[in-house]
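Residue numbers (the working numbering): 1 to 97.
Shown next, in structure tokens, is the structure this report addresses.
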């Protein structure tokens, strides 16, 4: 099913690895309210400092901007009363699974 979403939607990105974090930051930079979900404490700690856990040109500047604007937040679990209707799953799939 194809649907258009407006920037007034809350978007939840599950998994903040290479694909998830860059997508979450790009969507937040475009004006969406993005909730990132990540289970790795080290990644969450770095994000709390406004830093990415990998290098992508321009990512840390955009990350800092979307954190300051409150368009992006990261946490370990989805909040119980999360209002979002759009969920994007970007968790890794092991080879041979």
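All C-beta atoms in this analysis are idealised placements derived from N, C-alpha and C, irrespective of residue type, glycine included.
Here the structure is a predicted model, which is why all the values come from computation and not from measurement.
Quiz item: With a Cβ-Cβ cutoff of 8 Å, do residue 52 and residue 44 count as a contact?
Solution: Judged by beta-carbon spacing, residue 44 lies beyond the 8 Å limit of residue 52, meaning their Cβ atoms are not closer than that value.
Quiz item: Mapping DSSP to helix, strand and coil, what is residue 89?
Solution: strand
Quiz item: What do you get for residue 56, buried or exposed, if any count of 16 or more other CB atoms within 10 angstroms of its CB means buried?
Solution: exposed
Self-check item: DSSP-derived helix/strand/coil call for residue 20
Solution: helix
Quiz item: According to DSSP, what are the bridge partners of residue 98?
Solution: Lying before the first or after the last residue shown, residue 98 is absent from the chain, which here runs from 1 to 97.
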